[in-house]
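First up is the structure itself, then whatever we jot down about it.
Residue numbers (this note's numbering): 1 to 681.
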């Protein structure tokens, strides 16, 4: 028996003109909205309230150190010592379609155009609000755990690296990905359902790097389906049941199950370099199971949801026992690892290898570097040396066999390019240990870490622990491959920034946390060196919001392209309005909704909302024109089973105008389509 609280809050932020975070493609800038992004918070407290654990899963690429530090500061101001760095886990789902710009380390500024305050604020406020809601709704309840296999939803995208792991180790596993989903179910003491957390390892990259619509990808779609199912009659984003689909050791795991093909010739490019005969690596892209990226997102999300629903309904193993949490800050660029009694190795200052720039089969790099690069290229070396300085001999030697592209640990202008100080954290809820990791562990790295933590618990009198990895927590440090995978220097290895012994260092450190929890000596763990908080307010290449304008015959919200009079299910309703920059709406209203689909009820002679902008079936596109003019196009993909009748679509925005004293204000406006009829076939 525990006290339980769940909460969900919008954290979408600006849906236009902000680079999306994930593929590191500077051209992939937001231009609308498919689904809203949410922060989902879960609080577990023991009955005498002596201890609490908070787990947050947010629909974002990853949690950055800046984001975490600002959230913790707000929680401290609000709740004192109740919610702290040791008992709050912040995890990102790893969607690649959320706004970027919430990082303080310079490397991440390159593709997301700096530190974008509105983007960061939306995340900080959304996460804190979800915790507030959970905090205010604590009630007595019970936890159940279940686990099962998800099929047809992942492939290993670096199988040649995986094969470098010892045969004796690989033979213990039936697959080169972890197919297991772990599910934690929450009910109150009367049996009323509160929510769930599911952990499953797959990249939310069903939406590819051509997408411009902000959305939560396959994991977010699974959350959407589960919440729609449990919050009957509610609009998306409403209702008390909260379903989080959180990330795990997804480093080398893709949802694009058809595998890699050359987009120009159609032949397979499943080779160690992921390269095509014509056009090289930039032509090699993995395809999902669907006929387009929307369809693939739906199929993978649906698979994950169906398995989660089954595990949820059958969950009978109760989680009981004490709560504890352990956290340390560690300087990851300087950890000594004892491999055995006679052999000690060290981690390195952070650096990225050549294959980092190659990208992956889920999103190719901007330059035609090939994956698996173990010798540098004089042209890029020259550019890098001028721009960024030659890596020191010590760093080069430490990272062998990685050819270094960016020696980020030796780059400090205008601020350090990569973190040195990293969070390591474990929270235990009875027999469930949540290992919060600061990045993307590959399949085998995750297996080794789970096994090591479990062994540590076993040998200190806490057997039968369920160990689950929560990915992309607290600070982003790219990838963590095994020592053997590191030798292949594909994308994941080139992005293992602290060198070949990164995994061994983490295993040693997390074993230390597990030991402290098992022996009840958490209070003796050293806190470690505190991470820096750089003094940056807003430093960005994203242009300011211009004054919105219309042509002389139009006003904001006017219909430019009208709907048809009649549609059938599965058809697409489309309407275009005179629009305004959506960033004004994001900065004026935390819970702004850009659109509604309404159905006419003749009995009450009134319109009722049936869909909003968080719905999977609606798409909001914003197109920027010249001289401050813009259009907003709304699509409604009529789902099968839609009730026949009379419908209309409404658009809500804010336009920015200058007053005579040169102050700018935002003025709300709306537009409405003509009514249209949906008929049966």
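Where a beta carbon is used, it is the ideal one built from N, C-alpha and C, also for glycine.
Residue range of the unbroken alpha helix (DSSP H) whose run includes residue i
{"i": "residue 332", "result": "From DSSP, residue 332 is part of no alpha helix (DSSP H); its letter is neither H nor E."}
{"i": "residue 444", "result": "443 to 459"}
{"i": "residue 170", "result": "167 to 170"}
{"i": "residue 306", "result": "293 to 314"}
{"i": "residue 425", "result": "Unbroken run through residue 425 is the beta strand (DSSP E), 421 to 429; no alpha helix (DSSP H)."}
{"i": "residue 679", "result": "Note, residue 679: premise wrong, no alpha helix (DSSP H); beta strand (DSSP E) at 676 to 679."}
{"i": "residue 493", "result": "491 to 494"}
{"i": "residue 485", "result": "483 to 486"}
Reference residue i; option with closest CA among the options
{"i": "residue 3", "options": "53, 585, 11 and 23", "result": "53"}
{"i": "residue 92", "options": "38, 242, 320 and 14", "result": "38"}
{"i": "residue 475", "options": "95, 365, 89 and 660", "result": "89"}
{"i": "residue 627", "options": "547, 446 and 138", "result": "547"}
{"i": "residue 430", "options": "463, 192 and 529", "result": "463"}
{"i": "residue 42", "options": "21, 59, 127 and 7", "result": "7"}
{"i": "residue 272", "options": "175, 27, 639 and 360", "result": "360"}
{"i": "residue 579", "options": "641, 223, 197 and 31", "result": "31"}
{"i": "residue 484", "options": "402, 673 and 455", "result": "402"}
{"i": "residue 356", "options": "612, 518 and 376", "result": "376"}
{"i": "residue 378", "options": "362, 393, 395 and 405", "result": "405"}
{"i": "residue 293", "options": "443, 445, 97 and 329", "result": "97"}
{"i": "residue 233", "options": "609, 503 and 324", "result": "609"}
{"i": "residue 101", "options": "193, 17, 169 and 160", "result": "17"}
{"i": "residue 283", "options": "260, 34, 304 and 644", "result": "260"}
{"i": "residue 324", "options": "139, 142, 517 and 175", "result": "517"}
{"i": "residue 94", "options": "62, 568 and 348", "result": "62"}
{"i": "residue 27", "options": "110, 389 and 439", "result": "110"}
{"i": "residue 528", "options": "200, 286, 332 and 190", "result": "332"}
{"i": "residue 136", "options": "631, 78 and 495", "result": "78"}
{"i": "residue 204", "options": "166, 335, 515 and 251", "result": "251"}
Burial state of residue i (16 or more Cβ within 10 Å)
{"i": "residue 551", "result": "exposed"}
{"i": "residue 425", "result": "buried"}
{"i": "residue 70", "result": "buried"}
{"i": "residue 338", "result": "exposed"}
{"i": "residue 664", "result": "exposed"}
{"i": "residue 383", "result": "Caution is warranted here: a pLDDT of 49 is assigned to residue 383, below 50, making its placement in the model unreliable, and the coordinate value is therefore given only provisionally. Flag for residue 383 reads exposed."}
{"i": "residue 684", "result": "Residue 684 falls outside the range modelled here, since the chain spans only 1 to 681, and no answer is possible."}
{"i": "residue 562", "result": "exposed"}
{"i": "residue 152", "result": "exposed"}
{"i": "residue 500", "result": "buried"}
{"i": "residue 186", "result": "buried"}
{"i": "residue 207", "result": "buried"}
{"i": "residue 456", "result": "buried"}
{"i": "residue 246", "result": "buried"}
{"i": "residue 257", "result": "buried"}
{"i": "residue 661", "result": "exposed"}
{"i": "residue 446", "result": "buried"}
{"i": "residue 364", "result": "buried"}
{"i": "residue 644", "result": "exposed"}
Nearest-angstrom Cβ-Cβ length linking residue i and residue j, presumed shorter than 8 Å
{"i": "residue 158", "j": "residue 448", "result": "Their Cβ separation, rounded to whole angstroms, is 16 Å, which puts residue 158 and residue 448 out of contact at 8 Å."}
{"i": "residue 145", "j": "residue 466", "result": "6 Å"}
{"i": "residue 763", "j": "residue 618", "result": "Residue 763 is absent from the model: the chain starts at 1 and stops at 681."}
{"i": "residue 587", "j": "residue 19", "result": "At roughly 17 Å, the Cβ-Cβ gap does not stay under 8 Å, so residue 587 and residue 19 are not in contact."}
{"i": "residue 21", "j": "residue 112", "result": "6 Å"}
{"i": "residue 709", "j": "residue 126", "result": "Missing from the structure shown is residue 709; the chain here goes from 1 to 681 and no further."}
Span of the beta strand (DSSP E) around residue i
{"i": "residue 512", "result": "Run containing residue 512: none in the beta strand (DSSP E); it sits in the alpha helix (DSSP H), 502 to 518."}
{"i": "residue 631", "result": "630 to 637"}
{"i": "residue 655", "result": "645 to 658"}
{"i": "residue 666", "result": "664 to 672"}
{"i": "residue 159", "result": "Taken as a continuous stretch (DSSP letters only), residue 159 belongs to no beta strand (DSSP E), being part of the alpha helix (DSSP H) at 159 to 162."}
{"i": "residue 549", "result": "Premise fails: residue 549 is in no beta strand (DSSP E) and is neither H nor E."}
{"i": "residue 179", "result": "Taken as a continuous stretch (DSSP letters only), residue 179 belongs to no beta strand (DSSP E), as it is neither H nor E."}
{"i": "residue 149", "result": "139 to 149"}
{"i": "residue 7", "result": "2 to 10"}
{"i": "residue 24", "result": "Residue 24 -> no beta strand (DSSP E), and no H or E assigned at all."}
{"i": "residue 524", "result": "No beta strand (DSSP E) holds residue 524; DSSP gives it neither H nor E."}
{"i": "residue 761", "result": "With the chain represented from 1 up to 681, any question about residue 761 goes unanswered, as that position is not in the structure."}
The ligand NAP heavy atom lying under 7 Å from the CB of residue i
{"i": "residue 487", "result": "The model depicted lacks the ligand NAP and carries no ligand whatsoever."}
Legend entry - In chain order, each beta strand (DSSP E) run of at least 3 residues that lies wholly inside the stretch 41 to 121: 52 to 58 and 88 to 92
Legend entry - Complete runs of the alpha helix (DSSP H) confined to the stretch 559 to 626 [at least 4 residues]: 582 to 588
Legend entry - Contiguous beta strand (DSSP E) assignments of at least 3 residues, all confined to the stretch 342 to 378: 344 to 346
Legend entry - Length at least 4, wholly inside the stretch 195 to 259: the alpha helix (DSSP H) runs in chain order: 217 to 230
Legend entry - Segments of 4+ residues assigned as alpha helix (DSSP H) that fall wholly inside the stretch 391 to 420: 393 to 399
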